[in-house]
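By the count of my numbering, the sequence shown reaches residue 1601 at its end, each step adding exactly one.
Virtual Cβ for every residue (Gly too), placed ideally from N, Cα, C.
Okay, structure first, notes after.
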Amino acid sequence: MADPAAAPTRPGDPLVDPVFAERYRAMRARDSRFDGQFITGVHSTGIYCRPSCPAVSPKPTNVSFYLTAAAAHEAGLRACKRCLPDAVPGSPEWDLRDDLAARAMRLIADGVVEREGVPGLAARLGYTTRHLNRVLTAELGAGPLALARAHRAQTARVLLTSTALPAADVAFASGFGSVRQFNDTIREVYDRSPLELRALARVRERVAHRPRAAAAAPGIVHLRLPARPPFDAAGVFAWLEARAVDGIEVAGHDRFRRTLRLPGGPALVELGAGGDAGSPAIDVDARLASLADLPPLVARVRRLFDLDADAVAIDEVLAADPVLAPSVAATPGIRVPGCLDPHELVFRALIGQQVSVKAARTALSRLAAELGEHVDPAGVDLLGGAGRAASDGGSTTVPHLLFPTAAAIAEHGADVLRGPAARVRTIVDVARRLDSGELVVAAEREREDLRLDLLEVPGIGPWTAGYVSMRVTRAPDVLLTGDLALRNGAERLGLPGTATDLDALGSRWAPWRSYASMHLWRAAGAKP
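Here you go:
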């Protein structure tokens, strides 16, 4: 069903619509919690703003609310120069929802339209292009081409304002087919040329007395991805540090670097905590095989750190439980770590089930050493030296391996993997299915379909299927009661320690049971 507040208002009192009225109240209160969740279109001025824009509140009859910038563009509106409505975290809608529109938005953010066109997007989702266009236009106010165009414009603005890349490189990295198309789109959306946007950002930095970020080394792209506060970045970095695979990853308490396969080739990335408590962010430094890989990298980093989660809403629900309230107070804005590579996450889950984190890390490091693809270590150090390696408490070893492909594990896994024969058979079988396309594990999969597909594979049980769904598709409402560490954490908090009882009690944490799981694992002092 189309969002009732997304269409332009009609004569009469729009405040009779409860969704419109709720959003109008949030806009009048200039509540920054709603930034990125919807867009305010002001037809009397021809602009669209974030809800917290400091401008004078428009009359209800002059306002329309949109779920996407593309819908505002389609209505003939341009971005507000004062509040920069796309310079905010993304909407949590696309993680919460599991319908066609939400799954399409995940793929559009990953740059699929630029790489495969709208037919490729539709094929991945299992629908015709005509049906996809009809659904997205009805649900979001814009079709896939317009949504992809808006995403390109937003990516370009981020690069123009946070990097020193030449404008032509920004155009290519954002997915535009030509510099002319890039210039025309930026002028249409922001009413400024690309260079004017960049100059304005520099002026804003000086006025706000914000120090410029250090210039990236040659060949390195640097940008900052905003998070929705509160944001427990330390918890995600600790999670990654505990699971860092030798040769592929190096992790510290506030920094994480690794190799990664992207559509255009291998990448070397470093992620660090940035911003402050009021405006948290993740800083990204990346050496890419192709600048066109920047949008998919950004989308994956956002999923890895769960940057778009509505932390305020999550904490409110979980804190209402007296047992969880102290944990929520101690760790506001807890996140569920996602993943950078869905296939890699499947193998991590299969190798890590029923063993300790340390044992799984050892097995994965051995697998990577034997079957991982070596990358040229020259230029791997994104820091330009060892200075930062000492500051994060991590090893000075730099990543030099790519995680093994499904094809490599299918061919040689039986010779490398250790452990029960049944588990090795399952891992090799899954590798063959992933390599052939018989099994598809991807962020755009419908969650229940993915879970059922995984359960059909001999050797995969509910824990693995639920864990993969939680971390690959960003499912917010998974409670893995079959996990021993999670049940131990529940008992430490005074909750039932049996799977059946905990499952029944956990219904009061819906729709945020994945986040409740993180609190229970933290209480146990261990994670799955």
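Classify Glu1115 as helix, strand or coil using the three-state DSSP reduction.
The residue you asked about is not Glu; residue 1115 is Val in the sequence shown. It is a strand residue.
Going by CA-CA distance only, name the one from Leu1423, Ala1393, Gly1308, Arg1275 that's closest to Leu1377.
Gly1308
Let me check understanding here. Comparing Cα to Cα, which of Ala1393, Asp1349, Glu1343, Glu1389 lies closest to Val1371?
Glu1343
I'd like the ranges of any alpha helix (DSSP H) spanning at least 4 consecutive residues and lying wholly in the segment 1526–1558.
1535–1545
Which class does Thr1435 belong to by DSSP, given the choice of helix, strand or coil?
helix
Residue burial classification, Asp1522 (beta-carbon count within 10 angstroms, cutoff 16)
exposed
Residue range of the alpha helix (DSSP H) that Ser1137 falls in?
No alpha helix (DSSP H) holds Ser1137; the beta strand (DSSP E) holding it covers 1136–1139.
Buried versus exposed call for Gln1110 [16 or more other C-beta atoms within 10 Å across all chains shown]:
A buried status is given to Gln1110, since no fewer than 16 other beta-carbon atoms sit within 10 Å of its beta-carbon.
Given this structure, state the Cα-to-Cα distance separating Asn1135 from His1116, to the nearest angstrom.
5 Å
Nonlocal neighbours in the same chain, by C-beta distance under 7 Å from Ser1542, ignoring five residues either side
Shown here for Ser1542: same chain residues with a beta carbon closer than 7 Å to its own, the five before and five after excluded, namely Arg1520, Leu1523, Arg1524, Ala1548, Val1551 in chain order.
Please classify Gly1320: does DSSP put it in a helix, a strand, or coil?
coil
So what does DSSP say about Tyr1097, is it helix, strand or coil?
helix
Report the partner residues of His1295 according to the DSSP bridge assignment.
Asp1358
Between Pro1535 and Thr1499, how many whole angstroms is the CB-CB distance? I'm expecting something under 8 Å.
Actually they do not touch by this definition, with Cβ atoms about 14 Å apart.
From His1485 to Leu1507, what does the alpha carbon distance come to, in whole angstroms?
15 Å
Please tell me whether Val1501 and Leu1490 are closer than 9 Å, where the distance is taken between their beta carbons.
yes
Verify whether the separation of the beta carbon atoms of Arg1328 and Ala1346 is less than 9 Å.
yes
Can Val1374 and Val1514 be called in contact, C-beta distance under 9 Å?
With respect to the 9 Å criterion, Val1374 and Val1514 are not classified as neighbours on the basis of their beta carbons.
The beta strand (DSSP E) spanning Ile1052 covers which residue range?
The structure shown does not extend to residue 1052, since the chain spans only 1074 to 1601, so no value can be given for it.
Only counting the same chain, and skipping five residues up and downstream in sequence, which positions put a Cβ closer than 6 Å to that of Cys1056?
This structure gives no information on residue 1056, because the portion of the chain shown stretches from 1074 to 1601.
With the cut-off set at 9 Å, would you say Pro1611 and Leu1088 are in Cβ contact?
This structure does not reach residue 1611, given that the chain is present from 1074 up to 1601, and the question cannot be answered.
Could you check what DSSP says for Val1430 in three-state terms: helix, strand or coil?
helix
Could you check what DSSP says for Pro1399 in three-state terms: helix, strand or coil?
Shown here, Pro1399 sits in a helix according to DSSP, grouped into three states.
What separation, rounded to the nearest whole angstrom, lies between the Cα atoms of Ala1480 and Asp1488?
14 Å
Do you know how far the Cα of Ala1274 is from the Cα of Ala1315?
38 Å
Distance between Leu1440 and Thr1332 (C-alpha atoms, nearest Å):
15 Å
The beta strand (DSSP E) enclosing Phe1329, as first and last residue numbers
1328–1335
Pair every Cβ in the segment 1384–1403 with every Cβ in the segment 1585–1597, then say whether three or more of these pairs are closer than 8 Å.
yes
So what's His1447 in DSSP terms, helix, strand or just coil?
strand
Grab me the residues of Phe1245's own chain with a C-beta within less than 7 Å of its C-beta, minus the 5 sequence neighbours each way, in chain order.
Leu1364, Ala1365
If the criterion is Cβ atoms closer than 9 Å, does the pair Ala1577 and Thr1546 meet it?
Between Ala1577 and Thr1546, the C-beta spacing is not below 9 Å.
Measuring straight from C-alpha to C-alpha, what distance separates Val1323 and Leu1474?
Here the C-alpha atom of Val1323 lies approximately 12 Å from the C-alpha atom of Leu1474.
Does the distance from the CB of Asp1168 to the CB of Asp1414 come in under 9 Å?
no
Please go through the same chain and pick out, in chain order, the residues whose beta-carbon is closer than 6 Å to the beta-carbon of Gly1216, but skip the five residues on each side of it.
Asn1206, Leu1209, Thr1210
Return yes when the Cβ of Arg1421 is within less than 9 Å of the Cβ of Ile1355, no when it is not.
Taking 9 Å as the Cβ cut-off, Ile1355 and Arg1421 do not qualify as a contacting pair.
Taking Leu1566 and Leu1575 to be in contact with their CB atoms under 8 Å, please state how far apart those CB atoms are, rounded to whole angstroms.
Their Cβ separation, rounded to whole angstroms, is 11 Å, which puts Leu1566 and Leu1575 out of contact at 8 Å.
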